[in-house]
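In this note's numbering, the protein residues as written are 29 to 482. Where is the CB? At the ideal position from N, CA and C, for every residue including glycine. Small disclaimer: the values here were computed from a predicted structure and weren't measured. Before any comments, here is the structure.
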């Protein structure tokens with residue numbers, strides 16, 4: 029499993045494009061994978077034959093684990109050498125040693141999951157030892173294992189939990205909820221935990237989740253399980269609302285000169301650059317300039333520290349064909365002109381919809397722009413993308429009758445207007461800074477005119 033980003037620790041095999049025995053060229057796609065950052069494809073590192081698939085579809089494995097064996101062109105596969113070890117593993121009569129050796133042996137034990145199940149199940153007293161990567165056919169992520177070890181949650185307790193993740197996997201939130209419920213019980217001292225585990229099998233706190241089966245919603249309801257990306261989005265949105273005290277401020281910009289500018293150059297721009305000149309490019313340019321003027325908005329929070337970023341990396345919320353959302357990032361947007369931003373927006377959006385983004389292209393964002401104006405909506409209250417501290421929502425540009433002053437007299441004029449909604453984290457950004465930043469964005473938007481260099 030290749031490393032698909034600095035913070036990515038595991039990946040899920042979505043689909044094997046090639047099957048064992050297929051001839052594969054170097055850099056030809058052999059599999060599609062999903063991480064908590066992006067769905068992407070794995071190219072073959074060599075030309076040869078796909079000899080053996082180790083990680084099956086929908087299986088989640090750690091970065092660096094073996095997922096398949098390749099045979100070089102004109103050479104023998106490396107799989108047989110690795111397969112000389114499963115026999116001793118399958119005959120293992122020492123269940124006590126299985127958990128300790130299992131993380132190292134996992135890549136080489138293809139086709140023999142049952143001994144692992146037996147070894148794990150034979151140790152009800154391992155609640156105080158380190159949690160293995162896998163228990164039976166359940167995979168525990170490095171984060172879950174770390175929390176379990178820290179909180180003294182044993183393998184048997186984890187096995188008793190019904191996870192809310194993909195395929196019933198135990199997530200961080202599942203474990204923290206369990207620890208919280210367990211910790212709230214009186215007399216649940218750490219010394220008693222090893223004695224209680226063999227007697228109860230599953231702790232009472234985990235029993236309700238285990239006992240609840242599929243709900244019967246009746247014939248008039250279609251049950252659609254969340255796909256993995258939707259689960260990640262849901263988890264991120266809930267975490268953001270719990271983490272950041274959101275404040276939303278709304279401003280209005282007169283973009284009549286900007287509309288005239290775009291109308292006058294969009295056809296020539298498309299012929300010259302082969303991409304559309306959208307309003308999004310102007311919104312991002314205005315945001316990038318305002319972020320440079322207000323560095324505390326270009327920041328994130330780490331505990332009690334505010335991390336002010338030196339690079340202005342603007343994320344652009346992009347809808348996918350399946351209805352999900354992804355946020356590719358335009359790096360150093362404050363150093364780009366309108367044409368450069370337009371190219372970046374088009375390129376990232378196109379590759380996002382084709383699932384061709386690399387993890388680095390959705391990482392490192394310092395601020396996010398979301399354009400719900402494409403649906404004709406005027407304003408909203410967008411949710412901050414953690415660990416950022418602000419997000420700007422742009423509404424639809426509409427012609428409206430507004431009052432203007434001309435030579436000391438009030439007149440009614442038809443102008444192209446747009447609402448801008450800024451949601452910000454009140455831990456870092458107070459009303460004064462939020463208002464100033466939004467006013468600066470509006471000022472930059474209103475400064476675009478037919479003399480602006482694209």
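Would you please state the rounded distance, in angstroms, between the beta carbons of residue 420 and residue 448? I believe it to be under 8 Å. Walking along the chain shown from the start, residue 420 turns up at place 392. Walking along the chain shown from the start, residue 448 turns up at place 420. Contact flag correct, Cβ pair sits at about 6 Å.
Please list, in chain order, all residues of the same chain as residue 312 whose beta carbon is under 8 Å from its beta carbon, the five residues on each side excluded. Taking the chain shown and counting its residues from 1, the one referred to as residue 312 is at position 284. Correct list, in chain order: 342, 344, 358, 361, 369, 373 and 397.
In whole angstroms, what is the alpha-carbon distance linking residue 474 and residue 287? By one-based count along the chain shown, residue 474 stands at place 446. By one-based count along the chain shown, residue 287 stands at place 259. Those two C-alpha atoms are separated by around 10 Å.
From residue 100 to residue 75, what does the alpha carbon distance come to, in whole angstroms? For the purposes of this step, residue 100 is taken as residue 72 along the chain shown, with counting starting at 1. For the purposes of this step, residue 75 is taken as residue 47 along the chain shown, with counting starting at 1. Roughly 6 Å between the two C-alpha positions.
Count the other CB atoms within 10 Å of the CB of residue 331; is the residue buried (16 or more) or exposed (fewer)? As a working note, residue 331 is residue 303 in the chain shown. So residue 331 ends up on the exposed side.
Excluding the five sequence neighbours on either side, which residues of its own chain have a C-beta within less than 6 Å of the C-beta of residue 31, listed in chain order? Start at 1 with the first residue of the chain shown, and residue 31 comes out as number 3. If we look at residue 31 and ignore the five residues flanking it on each side, its Cβ neighbours are 91.
In this structure, how does DSSP classify residue 322 when only helix, strand and coil are distinguished? Your numbering for residue 322 matches position 294 in the chain shown. Taken through DSSP and simplified to helix, strand or coil, residue 322 comes out as coil.
Taking all protein chains shown into account, do 16 or more other C-beta atoms lie within 10 angstroms of the C-beta of residue 317, making it buried, or fewer, making it exposed? By 1-based counting over the chain shown, the position of residue 317 is 289. With a 10 Å radius around the Cβ and a threshold of 16 neighbouring Cβ atoms, residue 317 comes out buried.
Applying the 10 Å Cβ sphere with the 16-neighbour rule, what's the burial state of residue 416? Counting from one through the chain shown, the residue named residue 416 turns up at place 388. So residue 416 counts as buried.
Threshold first: 3 residues or longer. Then list the beta strand (DSSP E) segments lying entirely within the region 264-336, N to C. Whole beta strand (DSSP E) segments, 3+ residues: 274-282, 327-330 and 333-336.
Are the Cβ atoms of residue 551 and residue 461 separated by less than 9 Å? Any property of residue 551 remains undetermined from this structure, which presents the chain solely from 29 to 482.
Please report how far the alpha carbon of residue 296 lies from the alpha carbon of residue 71, in whole angstroms. For the purposes of this step, residue 296 is identified with residue 268 of the chain shown, where counting begins at 1. For the purposes of this step, residue 71 is identified with residue 43 of the chain shown, where counting begins at 1. Answer to the nearest angstrom: the Cα atoms are 38 Å apart.
With C-beta atoms as the reference, is residue 42 less than 9 Å away from residue 61? Start at 1 with the first residue of the chain shown, and residue 42 comes out as number 14. Start at 1 with the first residue of the chain shown, and residue 61 comes out as number 33. For residue 42 and residue 61, yes; Cβs fall inside 9 Å.
Applying the criterion that 16 or more other CB atoms from any shown protein chain within 10 Å of the CB defines a buried residue, is residue 472 buried or exposed? Looking up residue 472 in the chain shown gives position 444. With at least 16 other beta carbons inside 10 angstroms of its own, residue 472 counts as buried.
So if DSSP puts residue 445 in a beta bridge, which residue, or which two residues, is it bridged to? For this step, residue 445 is matched to residue 417 along the chain shown. Among the bridge pairs identified by DSSP, residue 445 is matched with 282 and 426.
Just how far apart, CA to CA, sit residue 451 and residue 352? Taking the chain shown and counting its residues from 1, the one referred to as residue 451 is at position 423. Taking the chain shown and counting its residues from 1, the one referred to as residue 352 is at position 324. The C-alpha of residue 451 lies about 21 Å from the C-alpha of residue 352.
Anyone know if the C-beta pair for residue 95 and residue 265 falls short of 9 Å? Residue mapping note: residue 95 aligns to position 67 of the chain shown, counting from 1. Residue mapping note: residue 265 aligns to position 237 of the chain shown, counting from 1. No, Cβ-Cβ distance for residue 95 and residue 265 is not below 9 Å.
Let me check understanding here. Comparing Cα to Cα, which of 191, 44, 479 and 329 lies closest to residue 292? Here residue 292 refers to the residue found at position 264 of the chain shown. Among 191, 44, 479 and 329, the Cα nearest to that of residue 292 belongs to 479.
May I ask you to list the residues that DSSP assigns as paired with residue 67? As a first step, residue 67 must be located in the chain shown, where it is residue number 39. Here residue 67 is bridged, per DSSP, to 62.
Report yes if the C-beta distance between residue 40 and residue 68 is below 9 Å; otherwise report no. Start at 1 with the first residue of the chain shown, and residue 40 comes out as number 12. Start at 1 with the first residue of the chain shown, and residue 68 comes out as number 40. Result no, Cβ atoms of residue 40 and residue 68 do not sit closer than 9 Å.
Backbone secondary structure at residue 29 - three-state DSSP: Counted from its first residue, the chain shown places residue 29 at position 1. In the structure shown, residue 29 sits in coil (DSSP, three-state: anything other than H, G, I, E or B).
How is residue 112 classed by DSSP in three states: helix, strand or coil? Taking the first residue of the chain shown as position 1, residue 112 is located at position 84. Residue placement at residue 112 cannot be trusted, given a pLDDT of 36 that sits under 50; the coordinates are not used to answer.
Who are the Cβ neighbours of residue 50 in its own chain at under 8 Å, not counting the five residues just before and after it? Here the question's residue 50 lines up with position 22 in the chain shown. Excluding sequence positions up to five before and after residue 50, its CB lies within less than 8 Å of the CB of 77 and 78, all in the same chain and listed in chain order.
Rank 246, 182, 327 and 263 by C-alpha distance to the C-alpha of residue 254 and give the top, closest one. Taking the chain shown and counting its residues from 1, the one referred to as residue 254 is at position 226. Among 246, 182, 327 and 263, the Cα nearest to that of residue 254 is on 263.
Per-residue DSSP class, three states only, for residue 155: By 1-based counting over the chain shown, the position of residue 155 is 127. Its pLDDT being 43, under 50, residue 155 is placed unreliably by the model, and the measurement read from it follows with that caveat. Collapsing the DSSP output to three states places residue 155 in a helix.
Of the choices 192, 363, 456 and 476, whose alpha-carbon is the least far from that of residue 334? The count along the chain shown starts at 1 and reaches residue 334 at position 306. Residue 334 has its Cα closest to that of 456, out of 192, 363, 456 and 476.
Continuous beta strand (DSSP E) stretch holding residue 89: start and end: Reading the chain shown from its first residue, position 61 is the one you call residue 89. It spans 88-90 - the beta strand (DSSP E) in which residue 89 sits, taken as one unbroken run.
Is DSSP giving residue 418 helix, strand or coil here? In the chain shown, residue 418 corresponds to position 390, counting from 1. In the displayed model, residue 418 falls within a strand according to three-state DSSP.
Segment limits, alpha helix (DSSP H) that includes residue 396: Taking the chain shown and counting its residues from 1, one reaches residue 396 at position 368. Run containing residue 396: none in the alpha helix (DSSP H); it sits in the beta strand (DSSP E), 395-399.
As a quick exercise: from 282, 97 and 88, pick the residue whose alpha carbon is nearest that of residue 2. No information on residue 2 is available, as it lies outside the stretch 29 to 482 that the chain covers here.
Beta-bridge pairing of residue 199 - partner residues as DSSP gives them: On the chain shown, position 171 is the one that residue 199 refers to. Answer is none; residue 199 lacks a bridge partner.
Assign residue 10 to one of three DSSP states: helix, strand, or coil. Any answer about residue 10 is impossible in this case: the structure gives the chain only from 29 up to 482.
Residue 185, buried or exposed, once every other Cβ within 10 Å from all chains shown has been counted against 16: By 1-based counting over the chain shown, the position of residue 185 is 157. Around the beta-carbon of residue 185, 16 or more other beta-carbon atoms lie within 10 Å, marking it buried.
In chain order, what residues of the same chain have a beta carbon less than 6 Å from the beta carbon of residue 66, not counting five sequence neighbours either side? Locating residue 66 in the chain shown gives position 38, where the first residue counts as 1. Answer for residue 66: 385, 387 and 390, listed in chain order.
In angstroms with no decimal places, state the Cα-to-Cα distance between residue 239 and residue 202. To locate residue 239, count along the chain shown from 1; it is residue 211. To locate residue 202, count along the chain shown from 1; it is residue 174. Interpretation of residue 239 is limited by its pLDDT of 45, a score under 50 that renders its predicted location unreliable; no figure is taken from the coordinates.
Option nearest residue 38 by Cα separation, candidates 87, 52 and 302: Along the chain shown, one-based indexing puts residue 38 at 10. Looking at 87, 52 and 302, the one whose alpha-carbon comes closest to that of residue 38 is 87.
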